[in-house]
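Colleague: Encoded as structure tokens, here's the structure I'll be asking about.
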Amino acid sequence: MHKRIYQIKAKILANAKVRDNYFHCLLQAPQVAGSALPGQFVNIKVSSGPEPLLRRPLSIHRIRGAEIGLFFEVVGEGTRLLSQRKPGERLDIIGPLGNGFNYELPVTNYQLPILVAGGMGVAPLVFLAEKLAQIPMSKSQIPIALIGAKTKSQILCEKEFQKCGCSVKIATDDGSAGFKGYVSDLLKKILQENKRTREQENGIYACGPKPMLKEVAGLAKKYRIPAQLSLEEHMACGIGACLGCAVKTIDGYQRVCQEGPVFAADRIVWQK
Ligand SMILES: Cc1cc2nc3c(=O)[nH]c(=O)nc-3n(C[C@H](O)[C@H](O)[C@H](O)COP(=O)(O)OP(=O)(O)OC[C@H]3O[C@@H](n4cnc5c(N)ncnc54)[C@H](O)[C@@H]3O)c2cc1C
Ligand code: FES
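Residue 88 in my numbering sits at position 86 of the sequence shown, and the numbers go up by one each step.
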């Protein structure tokens with residue numbers, strides 16, 4: 003299916019610090035809002051001047067009518083500049099880009115979505131949770147959202163997942179909240195305890211650091227659960243031209259910005 007991609011000057015409606023280095027940005031972007039799917043992203047010209055040259059990719063975090071929400075962490079110059087943009091200004095964005103999560107699987111009484119988010123990996127998964135909340139499901143199908151963070155103060159979007167009706171479980175590396183350990187270890191524990199078979203699972207949807215995704219892929223294989231992973235690679239063009247974001251898959255190298263960012267877990271060839 004041909005997907006339309008827009009380059010627009012989106013009006014900034016809000017851009018505010020949520021806490022620490024985390025920001026919410028709300029943009030008026032009816033074209034993007036009207037067609038974006040969870041897991042897709044926008045590529046942003048973060049400043050109004052010529053520098054930095056390269057755009058920065060951010061996941062679409064939520065959609066409210068004609069507005070799109072972004073949730074980002076300031077980690078370097080690009081995100082710092084973005085955090086300084088003011089409501090009323092226009093932001094040059096291209097999107098929606100990439101292939102998102104396939105979540106419209108046939109829903110039966112036995113299917114259960116498990117969302118696994120590590121750190122900023124929450125960003126696209128909240129949008130997915132909002133979409134899942136629109137699908138009629140039975141009580142046994144309430145999505146589980148696993149959120150991983152280093153420590154309690156870094157847990158992100160717990161309330162957002164709860165508002166979408168997810169059963170939220172937390173994992174912190176230091177044990178300051180919820181399960182002590184990595185979010186992939188929490189997933190392992192849940193899969194071990196539940197002893198679900200492939201037929202009873204809808205699937206795993208994960209986004210986070212690569213080592214986490216690799217663990218999730220291993221568990222999905224072991225328990226024969228279909229899993230979709232959203233990868234985050236450094237990007238240059240963001241539109242499939244430079245090959246800078248290629249990852250190894252069983253079908254050869256594929257571009258995270260074009261064939262991804264969401265890939266079936268069993269297609270990724272993990273490099274050491
Ligand atoms: C498809 C996609 C969706 C993304 N969605 C979000 C999101 O919703 N929210 C969010 O906060 N971030 C997201 N990111 C990551 C975000 O694009 C980077 O943090 C941002 O580009 C960094 O730009 P910078 O100039 O601030 O930092 P830089 O100065 O470029 O880098 C600062 C640090 O961040 C690391 N880094 C930079 N880019 C990436 C990347 N793409 N993946 C992993 N590490 C990186 C660098 O190695 C360096 O250590 C996404 C990335 C991709 C590819
Ligand atoms: S960033 Fe250029 S091909 Fe993906």
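For every residue, glycine included, the Cβ atom is placed at its ideal position computed from N, Cα and C.
Predicted model only: the values in this text are computed from it and were never measured.
Return helix, strand or coil for residue 18, following the three-state DSSP convention.
Modeller: strand
Colleague: Would you kindly work out how many angstroms separate the C-alpha atoms of residue 235 and residue 43, rounded to a whole number?
Modeller: C-alpha separation (whole angstroms): 13 Å.
Colleague: Compare the C-alpha of residue 156 against each of 134, 190, 124, 49 and name the closest.
Modeller: 124
Colleague: Looking at C-alpha atoms only, which residue of 193, 26, 96, 18 is the closest neighbour of residue 32?
Modeller: 96
Colleague: Just the C-alpha distance for residue 84 and residue 177, rounded to the nearest angstrom, thanks.
Modeller: 33 Å
Colleague: Quick one: is the Cβ of residue 34 within less than 7 Å of any heavy atom of ligand 3?
Modeller: Absence of ligand 3 is noted for the structure shown, with ligand 1 and ligand 2 being the only ligands found.
Colleague: Could you have a look at residue 222 and say whether DSSP puts it in helix, strand or coil?
Modeller: helix
Colleague: DSSP on residue 81, reduced to helix/strand/coil?
Modeller: In this structure, residue 81 counts as helix in the three-state DSSP scheme.
Colleague: Which word fits residue 219, buried or exposed, when buried means at least 16 other C-beta atoms lie within 10 angstroms of its C-beta?
Modeller: buried
Colleague: Output the boundary residues of the alpha helix (DSSP H) element that contains residue 32.
Modeller: 32–37 is the extent of the alpha helix (DSSP H) around residue 32.
Colleague: Residues bridged to residue 270 by DSSP?
Modeller: Partner(s): 251.
Colleague: Which same chain residues, not among the five before or five after residue 168, have their C-beta less than 6 Å away from its C-beta?
Modeller: 131, 145, 147
Colleague: Please classify residue 192: does DSSP put it in a helix, a strand, or coil?
Modeller: helix
Colleague: Quick one: residues in its chain with C-beta nearer than 6 Å to the C-beta of residue 163, no 5 flanking neighbours on either side, listed in chain order?
Modeller: 131, 147, 170
Colleague: Should residue 114 be labelled buried (16 or more other beta-carbon atoms within 10 Å of its own) or exposed?
Modeller: buried
Colleague: Judging by CA-CA distance, which residue of 143, 273, 20, 264 is the nearest neighbour of residue 104?
Modeller: 264
Colleague: Residue 143 by DSSP, collapsed to three states: which one?
Modeller: helix
Colleague: Taking 7 Å as the line, does the beta carbon of residue 234 fall inside it for any heavy atom of ligand 1?
Modeller: yes
Colleague: Where residue 117 and residue 257 are concerned, what is the direct C-alpha to C-alpha distance, given to the nearest angstrom?
Modeller: 23 Å
Colleague: What does DSSP give as the partner residues of residue 44 in its beta bridges?
Modeller: For residue 44, which the question treats as bridged, DSSP gives the partners 60.
Colleague: To which residues of the same chain is residue 28 closer than 6 Å at the C-beta, ignoring the five residues directly before and after it?
Modeller: 15, 16, 69, 71
Colleague: Identify the continuous beta strand (DSSP E) that holds residue 118 and give its terminal residues.
Modeller: 115–120
Colleague: For residue 23, count neighbouring Cβ atoms within 10 angstroms of its own Cβ and tell me buried if that reaches 16, exposed if not.
Modeller: exposed
Colleague: Please go through the same chain and pick out, in chain order, the residues whose beta-carbon is closer than 8 Å to the beta-carbon of residue 5, but skip the five residues on each side of it.
Modeller: So the list reads 37, 98, once near-sequence residues are dropped.
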